[in-house]
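Just below is one structure, and these are the notes that go with it.
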Amino acid sequence: MSPAPRLSSAPSPSTLSSGRYFILIVAFVLTWSSAFAVGKLSVQVSPPLLFLGLRFLLAGGIMLTWAHLSGRIPDLRAVAWGRLCLLGVLTQAGYIGLAWVAMERVSSALTAIIISTNPIFIAALAKPVLGERVSFMRALGLVLGLAGVAIVLRHRIVISGEDAGGVALVLIALGSLVVGTLIYKKWSPRYPLAVLVGGQFVGAGALLMACGLAFESPLDMQLGFTFFWTLAYHVFVVSLGAIVLWFFLLERMSATSASAFHFLMPPLGLAFGWLFLREPVDPSELIGIVPVAVGIWLVTQGDAIAARIIARSSLIRLRWRIKPPNP
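The numbering of the sequence shown is the UniProt record's numbering, which starts it at 1 and goes up by one.
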């Protein structure tokens, strides 16, 4: 196979200021977190697999059509398209498909909380699979983030009594996302973003639509206002917005650092669940927000801060050693 073309449709890290990165990260976190609550609304008016199949086929068709019209589709061999479809099965169909099926039995907030633990598993596997170094500061941040998630998760499972079968499905969805993320970083496919994501959407959409037609009935789709606005939201805001941003950030950051932003899902998942679905939020769950925020800060900024502290302490020691000459 000839070398894959380099990604040319997005700016390199050096061309983006920290302020723009912050805006992109905030946009990603808000749109991704809201997808669970809006998804819960979607499964109330449509079988999940059929809805998702339609969503991904529409989003993938839009992206690949745009790539074709703009001349951004490279000459890829069948194995390259097969890899994109495999990534789509793992990071879209397996992850989102199972999570949505689970949301017929568990709350959107719990789903967001469980999925948000993926940085822990990615960090644990990043060194043996990708050769990424996980420093002490990053490890400390991951532990704090996991502790915050555990606080919220304990209340949801032990006290609220969420369905165990639904929890198991979300855990499998989590595993699919982790494996897909690691494979993506391992392969590092350098295609235009529209092709990279659009190919995954089409592969995932075809699989989900086939499963939906086999196990669900199109007659159960309630084609009303809720169906169409949630479909539009997931196609344009989540698929063409949040997921594209996710791969954009993943391309420019380590798997551990990029995935750390998922730790923001517990508080935001609780907020969107309350806002859209009036899912109750216990005050004890809000305690978990603090270690989550500190954990993300350590994972994303801890190494740079530690390096500055070491540099300053070394400079101070050097100044103490250099004494002025005696008169």
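No residue lacks a Cβ here, since even glycine has one placed at the ideal position from N, Cα and C. Quick caveat: nothing in here was measured; it's all calculated off a predicted structure.
query	result
Closer than 8 Å by C-beta to Leu291: which residues in its own chain qualify, once you throw out the five before and the five after it? Chain order, please.	Residue 291 is actually Pro in this sequence, not Leu. Excluding sequence neighbours, Pro291 sits near Leu144, Gly145, Ala147, Gly148 and Ile151.
By Cβ distance below 6 Å, which residues in the same chain neighbour Val294 in space, the five residues on each side in sequence not counted?	Leu144
Hey, Gly61 and Ala204 are a contact pair by Cβ (cut 8 Å); roughly how many whole angstroms apart?	That belief does not hold up - the Cβ atoms of Gly61 and Ala204 are roughly 13 Å apart, past 8 Å.
Taking only the alpha-carbon atoms, compute the straight-line gap between Gly199 and Ser42 and give it to the nearest angstrom.	24 Å
Only counting the same chain, and skipping five residues up and downstream in sequence, which positions put a Cβ closer than 6 Å to that of Glu104?	Val43
At what residues does the alpha helix (DSSP H) containing Tyr233 begin and finish?	Neither: Tyr233 is in no alpha helix (DSSP H) and is coded neither H nor E.
Can you list the alpha helix (DSSP H) stretches of 4 or more residues lying completely in the region 124-186, in chain order?	136-154
If you measure between the beta carbons of Leu182 and Ile113, is that distance less than 8 Å?	no
Only counting the same chain, and skipping five residues up and downstream in sequence, which positions put a Cβ closer than 8 Å to that of Trp297?	Gly141
Report back the beta-carbon spacing between Leu83 and Ser239 to the nearest angstrom; my notes put them in contact at under 8 Å.	Residue identity check: residue 83 is Arg in the sequence provided, not Leu. The Cβ separation is near 20 Å, so there is no contact.
Using the Cα positions of Pro267 and Leu286, report the straight-line distance between them to the nearest angstrom.	7 Å
Please report the residue range of the alpha helix (DSSP H) in which Gln200 lies.	Leu193 to Phe215
Considering Cα atoms alone, identify which of Ile115, Ala139 and Ser116 is closest to Ala126.	Ala139
Which residues in the same chain as Val45 place their Cβ atom closer than 8 Å to its Cβ, once the five residues preceding and following it in sequence are excluded?	Met221, Gln222, Gly224, Thr226, Phe227 and Thr230
Quick one: is Ala173 buried, meaning 16 or more other Cβ sit within 10 Å of its Cβ, or exposed?	buried
Run the CB neighbour count on Lys186, radius 10 Å, all protein chains shown included, and call it buried at 16 or more, exposed below.	exposed
Quick check on Ser108: does DSSP put it in helix, strand or coil?	helix
Since Thr111 contacts Ala99 with CB under 8 Å, what's their CB separation in whole angstroms?	5 Å
Does the distance from the C-beta atom of Val170 to that of Val106 stay below 8 Å?	yes
Enumerate in chain order the residues of its own chain whose CB-to-CB distance from Ser34 is below 7 Å, with the five nearest sequence positions on each side excluded.	Phe272
Is it right to say Ser313 is buried, meaning 16 or more other beta carbons lie within 10 angstroms of its own, or is it exposed?	exposed
What's the call for Thr65, buried or exposed, on a 16-neighbour Cβ count within 10 Å?	exposed
Does the beta-carbon of residue 381 have 16 or more other beta-carbons within 10 angstroms, so that it is buried, or is it exposed?	With the chain covering only 1 through 327, there is no way to say anything about residue 381.
Residues in the same chain with beta-carbon distance under 7 Å from Ile243, minus the five sequence neighbours each way, listed in chain order, please.	Val197
Does Val38 pass the burial test, meaning 16 or more other C-beta atoms within 10 Å, or should it be called exposed?	buried
Identify whether Ser33 lies in helix, strand or coil by the three-state DSSP scheme.	helix
Span of the alpha helix (DSSP H) holding Ala242?	Where Ala242 is concerned, there is no enclosing alpha helix (DSSP H), given that its DSSP letter is neither H nor E.
Is it buried or exposed for Ser188, if we count other Cβ within 10 angstroms and need 16 for buried?	exposed
If Leu50 sits next to Met209, beta carbons under 8 Å apart, how far is it from one beta carbon to the other, in whole angstroms?	7 Å
Looking at Val195 and Ile73, is the spacing between their C-beta atoms short of 8 Å?	yes
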